[in-house]
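In my numbering, the protein residues as written are 282 to 352.
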C-alpha cells in the first residue's frame, strides 16, 4: 500500500462518526455566509490548537481559490 492511499473507509472512527461526518460534508467551510455548528467547532478547534495569538483572524479558502490568489 502506498502512503497516499487511504487506510480504508471502514476505519472504526469513520464508522462510529458516520452521521457527524456526513453532516459536515454537506457544508462548505469556505462559504462564510452560511455558518453551521460544525464550522464553529472547526474554527474553535483550529484557533485553540493551531492558531497563534498574534494571528487572530482566520481565512478559509478552497485550494483552487488559494492557487488563483498566488498567481
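C-beta atoms are modelled at their ideal positions from N, C-alpha and C, and glycine is treated no differently.
In this text, all values refer to a predicted model and were calculated from it rather than measured experimentally.
Practice prompt. Return the CA-CA distance between residue 328 and residue 305, expressed in angstroms with no decimal places.
Written response: Position 47 of the chain shown, counted from the start, is the residue given in the question as residue 328. Position 24 of the chain shown, counted from the start, is the residue given in the question as residue 305. Using only the alpha carbons, I get a separation of about 18 Å.
Discussion item. Assuming residue 308 and residue 319 are in contact, meaning their beta carbons sit under 8 Å apart, how far apart are those beta carbons, in whole angstroms?
Written reply: Numbered from 1 along the chain shown, position 27 holds the residue referred to as residue 308. Numbered from 1 along the chain shown, position 38 holds the residue referred to as residue 319. That belief holds up - the Cβ atoms of residue 308 and residue 319 are roughly 6 Å apart, short of 8 Å.
Item to complete: Round the Cβ separation of residue 339 and residue 324 to the nearest angstrom and send it over; I've been treating them as touching at under 8 Å.
Response: In the chain shown, residue 339 corresponds to position 58, counting from 1. In the chain shown, residue 324 corresponds to position 43, counting from 1. Right, their Cβ atoms sit about 6 Å apart.
Practice prompt. Give the straight-line distance between the Cα atoms of residue 326 and residue 337, rounded to the nearest whole angstrom.
Written response: The residue you call residue 326 lines up with position 45 of the chain shown. The residue you call residue 337 lines up with position 56 of the chain shown. Between the C-alpha atoms of residue 326 and residue 337 there is a straight-line separation of about 13 Å.
Practice prompt. Check whether the Cβ atoms of residue 303 and residue 295 sit closer than 8 Å, and answer yes or no.
Written response: Counted from its first residue, the chain shown places residue 303 at position 22. Counted from its first residue, the chain shown places residue 295 at position 14. No, they are not a contact pair.
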